[in-house]
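Trainee: Sharing a structure here in structure tokens format.
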Amino acid sequence: MPLVRTRTIAIAIAAALVAAACGADTASAPDGISPIDGFDVEVVLTDLAQPTQFYIEDTEPRSIVIAEINGGENDATGQVSRIELPPDGESQSVTRTVLFDRLDKPTGVALFDDQIWVMQTRTLTRGPTVGGKLEVEAFDLPNNGRSQGTLTATDSNLLFDVSGRKRGSGDDTVVTQGSGRLFEVGTINDIGYEISEIASGFKHAYAHLIDESGTLWATEMTDGLFDGQPGTDEIVAVSRRADHGWPHCVDDNRPVAEFGGSPERCADVPRSLTTLGVGATPTSVVVSPWNPDELVVALWKTGEVVAVRTDTPQAQPRVLIRGLSNPQHLVVDDDRLMLSEFGTGRLLLVMKH
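Residues in the sequence shown are numbered from 8 upward in steps of one, following our numbering.
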């Protein structure tokens, strides 16, 4: 049986929410958050415990399933909960149902094949939607020493990444077996699951999505020095079965001589859609609900949400919101965005008027 805890979650939906579309073009937001003109930011939930990924359930009343670190990064006190969302324009207290607890750094949660899947530090797990026991689907996953990334569910498969580790230099550089790769989980004749590799050569393809055209997009987080210079984070269109370069090529295909990179080798690596800056830490990417030719990206370290055009190679990111406290995960909600804020433990709603 699921572990049910009666816990009050603070709700703060402003009465102006319903009327936002009729307001002026000036932006409104909680103190410290600065959206550009034409956007509003409202607080939906507070008192979350280091929220990471979440998804909105197709239920009435509406609810979310959300993963939280819920303590120290390495305390293995993470949890996945179901929280009912209040109707727009109303304020009320709600309770949560803790579905799974004592999790090791749950950075990903998604609904696939009528089960809740949870990505932990070294395991991909799944369990019933009512909560209870998680079954391990993949274990001993390599990682960068800290965490894995998010999960992306489609109609036919589930995408996940394992972050990259390496050792050595030059021709002796060795990438830890199985690390720095994107994978997909698919069903086999409704009797089991098959895990297959999509692409390789990522330091950390933390977030990913497939747009309506079928393009697979991924964020890329790169840390450390490469020929004495830090690498920038990126957005890339993933080429299936391709090596995307790391650690031999970083940034927008910059060769890294100390790890055996060369202009010839990097010429065959898929180019970046855009670069996001050193340490930007892109933890989420979605197709904009306001423009199908733009991606919206959450930048954890810089505290920004930015938009990037997909029809313009090497387009510069456009800042939509500044002043966020570690924006973690974005979900499209009709013509709005929901955003988990790791630093404050809030769930935010982003609207355009």
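Positions of the beta carbon are idealized from the N, C-alpha and C atoms, including for glycine.
If you're wondering where the values come from, they're calculated on a predicted model, not measured in any experiment.
Does chain D have any CB closer than 9 Å to the CB of S41?
Mentor: Among the chains in the structure shown there is no chain D, since it carries only a single protein chain.
Trainee: Return the residue from the list R89, P68, R247, T114 that minimises the CA-CA distance to E80.
Mentor: Taking only the C-alpha atoms, the option nearest E80 is T114.
Trainee: State the Cα-Cα distance for the pair L52 and G268, rounded to the nearest angstrom.
Mentor: Using only the alpha carbons, I get a separation of about 47 Å.
Trainee: With a threshold of 16 other CB atoms inside 10 Å of the CB of A26, please say whether the residue is buried or exposed.
Mentor: Because A26 sits at a pLDDT of 36, beneath the cut-off of 50, its placement in the model cannot be relied upon, and the following sentence gives the value as read from the coordinates. Its Cβ having fewer than 16 others within 10 Å, A26 is exposed.
Trainee: In whole angstroms, what is the alpha-carbon distance linking W299 and D178?
Mentor: Before going on, a small fix: residue 299 reads as Pro here, not Trp. Spanning the two alpha carbons is a distance of roughly 43 Å.
Trainee: Less than 6 Å between C-beta atoms, sequence neighbours within five positions excluded: which residues of the same chain meet that for R329?
Mentor: Result list for R329: S41, E311, in chain order.
Trainee: Counting beta carbon pairs with one atom in the segment 343-358 and one in the segment 52-62, are three or more of them shorter than 8 Å?
Mentor: Segments in contact, yes.
Trainee: What residue from P94, E144, L346, E75 has the CA that sits closest to D111's CA?
Mentor: Nearest C-alpha to D111: E75.
Trainee: Secondary structure at P270, three-state DSSP: helix, strand or coil?
Mentor: Correct three-state label for P270: helix.
Trainee: For D147, which of helix, strand or coil comes out of DSSP?
Mentor: It is coil, neither helix nor strand.
Trainee: Bridge partners for L344 per DSSP, in chain order?
Mentor: L344 pairs with V339, V357.
Trainee: Nearest-angstrom Cα distance between A83 and K140?
Mentor: Cα to Cα, the separation comes out at about 16 Å.
Trainee: Could you tell me how far apart the beta carbons of P289 and D259 are, in whole angstroms, since I believe they sit closer than 8 Å?
Mentor: At roughly 15 Å, the Cβ-Cβ gap does not stay under 8 Å, so P289 and D259 are not in contact.
Trainee: Report the rounded CA-to-CA distance for A212 versus T317, giving the unit in angstroms.
Mentor: In a straight line, the C-alpha of A212 is about 18 Å away from that of T317.
Trainee: Classify D147: buried if its beta carbon has 16 or more other beta carbons within 10 angstroms, exposed otherwise.
Mentor: Burial call: exposed.
Trainee: Determine the DSSP secondary structure at E219, reduced to helix, strand or coil.
Mentor: Note: E219 maps to coil in three-state DSSP.
Trainee: In terms of residue numbering, what span does the beta strand (DSSP E) encompassing L131 cover?
Mentor: First-last of the beta strand (DSSP E) with L131: 131-134.
Trainee: Mind checking which residues open and close the beta strand (DSSP E) that includes I76?
Mentor: Looking at the DSSP string, I76 is not in any beta strand (DSSP E), and its letter there is neither H nor E.
Trainee: Tell me whether the segment 292-306 and the segment 203-212 touch, counting them as touching only if at least three CB pairs, one residue from each stretch, are closer than 8 Å.
Mentor: Touching, no.
Trainee: Once the 5 residues before and after A36 are set aside, which same chain residues still bring their CB inside 6 Å of it?
Mentor: P42, V48.
Trainee: Measuring only the C-alpha atoms, how far is R261 from S88?
Mentor: The alpha-carbon atoms of R261 and S88 are separated by roughly 42 Å.
Trainee: For W297, collect the residues of the same chain with a Cβ closer than 8 Å to its Cβ; drop the 5 residues on either side in sequence, then sort them by chain order.
Mentor: Cβ within range, chain order: D342, K359.
Trainee: For R103, count the other beta carbons within 10 Å of its own beta carbon; 16 or more makes it buried, fewer makes it exposed. Which is it?
Mentor: Label assigned to R103: buried.
Trainee: Which residue comes first and which comes last in the beta strand (DSSP E) that contains E265?
Mentor: Looking at the DSSP string, E265 is not in any beta strand (DSSP E), and its letter there is neither H nor E.
Trainee: Ignore the nearest five residues each way along the sequence and tell me which others in G39's own chain have a CB closer than 7 Å to its CB.
Mentor: So the list reads G330, once near-sequence residues are dropped.
Trainee: For G193, which of helix, strand or coil comes out of DSSP?
Mentor: In the structure shown, G193 sits in a strand (DSSP, three-state: E or B).
Trainee: Short check: CB of A287 to CB of T319, under 9 Å?
Mentor: Contact flag unset, no.
Trainee: Can you give me the C-alpha to C-alpha distance between R325 and Q86, rounded to a whole angstrom?
Mentor: Answer to the nearest angstrom: the Cα atoms are 34 Å apart.
Trainee: So, helix, strand or coil for G175, using DSSP?
Mentor: The answer is coil: DSSP assigns G175 none of H, G, I, E or B.
Trainee: Thinking just about the alpha-carbon of each residue, which of V276, G235, Q236, A244 is nearest to the one in W253?
Mentor: Nearest option by C-alpha distance: V276.
Trainee: Distance check for C273 and L356, CA to CA, integer angstroms please.
Mentor: Roughly 40 Å separates the two Cα atoms.
Trainee: Among the residues of its own chain, which have a CB less than 8 Å from the CB of A28, if the five just before and after it don't count?
Mentor: For A28, the predicted model reports a pLDDT of 38, less than 50, meaning its position is unreliable; a value from the coordinates is still stated below. Counting only Cβ-Cβ distances below 8 Å, and skipping sequence neighbours, we find M358, H360.
Trainee: Any idea if Q127 is buried or exposed, counting beta-carbon neighbours within 10 angstroms, 16 or more meaning buried?
Mentor: Buried: at least 16 other Cβ atoms inside 10 Å.
Trainee: Determine the direct distance from the alpha carbon of Q335 to that of E67, and round the result to whole angstroms.
Mentor: E67 and Q335: Cα-Cα distance of roughly 26 Å.
Trainee: Leaving aside the five residues before and after L344 along the sequence, list all residues of the same chain whose C-beta is less than 6 Å from its C-beta, in chain order.
Mentor: Contacts found: L337, V357.
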